[in-house]
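Chemist: Pasting a structure here, questions to come.
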Amino acid sequence: MEKQPIGIFDSGVGGLTVFKSIRETFPQEDIVYFGDTARVPYGPKSKKTVIDYSIQNTRFLLQHNIKLLVIACNTSSSVAIPYIQKITSIPVIGVILPGAEAAYNISSNKRIGIIGTEGTIRSNAYVDEILKFNDSVETFSKACPLFVSLVEEGWIKNPATEIIIDNYLSYFKEKDIDTLVLGCTHYPVLSPVLNKYFEGKVNLVDSSHAILSKIQQYVDEDKTCIGTSQFFVSDNEEKFMKIANMILGYPIHDLKRVALGESWFVD
Ligand code: DGL
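Take 357 as the starting number for the sequence shown in the numbering used here and just add one per residue.
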């Protein structure tokens, strides 16, 4: 039987945090990654636009005969899954449910913070999923849009980053949270500084790890072969390569630029 790849898409380069954990955990799998670098960021865009872009990204990956679609982008995952499921019968896994489940399970005091893009926080998707486990959980949400730019600039240990972190996250200091969902592809890169900010007292939930158990059932059991990794972007290959190197810790090779077609989404 022909080997089918796992398809992953993100609004850009941040989804490589998800690619990285899938690549490391399932080395036997072929993976096709699409980063919509021409239209990033999705975070500040309307729900309709994010759904529209997500459907186009999915159609592109379906051309690669994927067996499973992983939506690495939190903003897309928070609004687009039901619409994507209308155009394909393959399994679709987003990052919201696994992240919410991991946060719920790890929190002892059931006081959970959530950070993400404006779109993800506006959607309330993490809160809705967490409350399905237990509606007495206290949740506290905050959009932290500048974190994306800090990561893309590579400003991880920069003093400016510490100031911006304090500006956004001081909100959580009085809330007595013991768990914080990193609800955006880029945020796990900031984990060391976030851990320092919370003095190691808050569990940081990284959806790129939480998603692995959901993928397990779809992977090839034979781990003897080494899977391929193909990357596609819609713009700016050089910048993608540079940030990819920072996120993955190694250079990527098989990268091509593609132009996506017209809109397919009709409300
Ligand atoms: N990939 C996006 C997310 O996880 C972050 C970057 C963007 O705003 O597009 O929500």
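A virtual CB, placed ideally from N, CA and C, is assigned to each residue, including glycine.
(1) Rank Lys488, Tyr409 and Val388 by C-alpha distance to the C-alpha of tyrosine 398 and give the top, closest one.
(2) Using DSSP with H/G/I as helix, E/B as strand and the rest coil, what is isoleucine 452?
(3) Could you tell me how far apart the beta carbons of glycine 583 and proline 383 are, in whole angstroms, since I believe they sit closer than 8 Å?
(4) For ligand 1, is there a heavy atom less than 7 Å away from the beta-carbon of asparagine 523?
(5) Given 7 Å as the limit, tell me if threonine 393 has its C-beta closer than that to any heavy atom belonging to ligand 1.
(6) For glycine 368, I'd like the list of residues in its chain whose CB is within less than 6 Å of its CB, leaving aside the five on either flank, ordered along the chain.
(7) According to DSSP, leucine 424 sits in a beta bridge with which residue or residues?
(8) For glutamine 441, which of helix, strand or coil comes out of DSSP?
(9) Identify the continuous alpha helix (DSSP H) that holds tyrosine 524 and give its terminal residues.
(10) For lysine 570, collect the residues of the same chain with a Cβ closer than 6 Å to its Cβ; drop the 5 residues on either side in sequence, then sort them by chain order.
(11) Suppose only complete runs of 3+ residues qualify. What are the beta strand (DSSP E) ranges in the stretch 557–609, listed by chain order?
(12) Cβ of glycine 370 within 8 Å of Cβ of cysteine 540?
(13) Would you call the CB atoms of valine 374 and serine 564 closer than 8 Å?
(14) Can you have a look at serine 492 and say buried or exposed, based on whether 16 or more other CB atoms are within 10 angstroms of its CB?
Modeler: Straight from the coordinates:
(1) Here the question's residue 398 lines up with position 42 in the sequence shown. The shortest Cα separation from tyrosine 398 among Lys488, Tyr409 and Val388 belongs to Tyr409.
(2) Here residue 452 refers to the residue found at position 96 of the sequence shown. Under the three-state reduction of DSSP output, isoleucine 452 falls in the helix class.
(3) Residue mapping note: residue 583 aligns to position 227 of the sequence shown, counting from 1. Residue mapping note: residue 383 aligns to position 27 of the sequence shown, counting from 1. About 6 Å separates the two Cβ atoms, so the contact holds.
(4) The count along the sequence shown starts at 1 and reaches residue 523 at position 167. Incorrect: asparagine 523 has no Cβ contact closer than 7 Å to ligand 1.
(5) Here residue 393 corresponds to residue number 37 of the sequence shown, with the count starting at 1. No, the beta carbon of threonine 393 sits no closer than 7 Å to any heavy atom of ligand 1.
(6) Numbered from its first residue, the sequence shown carries residue 368 at position 12. Excluding sequence neighbours, glycine 368 sits near Gly391, Thr393 and Val396.
(7) For the purposes of this step, residue 424 is taken as residue 68 along the sequence shown, with counting starting at 1. DSSP output for leucine 424 lists Ile362 as bridge partner(s).
(8) For the purposes of this step, residue 441 is taken as the residue at position 85 of the sequence shown. In the structure shown, glutamine 441 falls within a coil segment according to DSSP collapsed to helix, strand and coil.
(9) Position 168 of the sequence shown, counted from the first residue, corresponds to residue 524. Its alpha helix (DSSP H) spans residues 515–529.
(10) Indexing the sequence shown from 1 puts residue 570 at position 214. Contacts found: Ile449 and Pro454.
(11) Runs found: 559–562 and 585–589.
(12) On the sequence shown, residue 370 is found 14 positions in, with the first residue counted as 1. On the sequence shown, residue 540 is found 184 positions in, with the first residue counted as 1. Yes, they are a contact pair.
(13) Counting from 1 along the sequence shown, the entry for residue 374 is found at position 18. Counting from 1 along the sequence shown, the entry for residue 564 is found at position 208. Yes, the Cβ-Cβ distance between valine 374 and serine 564 is below 8 Å.
(14) As a working mapping, residue 492 is identified with position 136 in the sequence shown. Burial call: exposed.
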